[in-house]
């Protein structure tokens with residue numbers, strides 16, 4: 003008879019090692035989720051580890067080795083990303099590390115928690131422009147010192163039924179509005 007005990011123990015030791023790795027990495031890779039209903043509390047308690055520990059958590063295997071947080075967004079300012087989407091962002095320590103025109107969750111004392119693209123001001127480091135993907139919304143400026151946290155968007159989680167569809171006319175209007183906004187921004191920055 004063939005001895006199968008070695009293959010079984012080899013297989014089970016592999017599974018045990020995988021389970022151990024998952025358990026060890028699970029705590030490190032926890033993503034705390036900030037739903038809209040917790041946003042007001044988050045603004046006053048984002049630095050309070052007890053408050054953060056009360057938030058629900060999850061993991062995403064494709065994200066590792068960083069500090070991540072998930073935020074639920076409401077509104078249509080970042081269409082085609084629909085209202086109710088979850089934005090998973092990686093913590094950015096400083097405005098210096100911000101990449102122009104990338105999307106971020108911006109936690110600020112005056113504006114609250116918003117999901118926008120950041121455009122740095124070449125003339126002044128004390129202000130940045132926050133730009134919506136939906137051209138119906140005008141860009142606006144915030145003071146750098148008012149920004150408490152920055153989370154660079156890495157993953158967008160949305161419900162399939164909420165995916166937006168654009169028709170050709172909408173796309174043409176979108177392009178025209180974006181071109182106008184870019185021209186306006188360029189004039190302000192130069």
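In this note's numbering, the protein residues as written are 3 to 192. Each residue gets a CB set at the ideal place from its N, CA and C atoms; glycine is no exception.
If we count the other Cβ atoms within 10 Å of its Cβ and call it buried at 16 or more, is residue i buried or exposed?
i	result
residue 70	buried
residue 40	buried
residue 60	exposed
residue 174	exposed
residue 121	buried
residue 134	buried
residue 74	buried
residue 186	exposed
residue 15	exposed
residue 131	buried
residue 115	buried
residue 108	buried
residue 151	buried
residue 170	exposed
Helix, strand or coil for residue i per DSSP?
i	result
residue 62	coil
residue 19	helix
residue 14	helix
residue 45	helix
residue 4	Note that residue 4 scores a pLDDT of 46, beneath 50, so its modelled location is shaky; the value from the coordinates is reported in the next line. Looking at residue 4 - three-state DSSP - the assignment turns out to be coil, as it is neither helix nor strand.
Suppose you measure from the CA of residue i to the CA of residue j; what does that come to, to the nearest Å?
i	j	result
residue 106	residue 154	4 Å
residue 141	residue 80	12 Å
residue 118	residue 192	22 Å
residue 93	residue 176	30 Å
residue 6	residue 47	Note on residue 6: pLDDT 46, under 50, position unreliable in the model; no value is reported.
residue 89	residue 112	21 Å
residue 45	residue 124	29 Å
residue 110	residue 87	20 Å
residue 181	residue 53	42 Å
residue 95	residue 149	11 Å
residue 33	residue 162	22 Å
residue 18	residue 147	49 Å
residue 72	residue 99	20 Å
residue 42	residue 189	35 Å
Would you mind reading off the limits of the alpha helix (DSSP H) that contains residue i?
i	result
residue 181	170-191
residue 114	Premise fails: residue 114 lies in the beta strand (DSSP E), 114-122, not in any alpha helix (DSSP H).
residue 110	Looking at the DSSP string, residue 110 is not in any alpha helix (DSSP H); the run it does join, the beta strand (DSSP E), is 105-110.
residue 142	Unbroken run through residue 142 is the beta strand (DSSP E), 142-145; no alpha helix (DSSP H).
residue 151	That residue, residue 151, is in no alpha helix (DSSP H); its beta strand (DSSP E) goes 149-159.
residue 2	This structure leaves residue 2 out entirely; the chain is present only between 3 and 192.
Which residue comes first and which comes last in the beta strand (DSSP E) that contains residue i?
i	result
residue 74	70-74
residue 40	From DSSP, residue 40 is part of no beta strand (DSSP E); its letter is neither H nor E.
residue 101	It is not in any beta strand (DSSP E) - residue 101 carries neither H nor E in the DSSP assignment.
residue 91	88-94
residue 129	129-133
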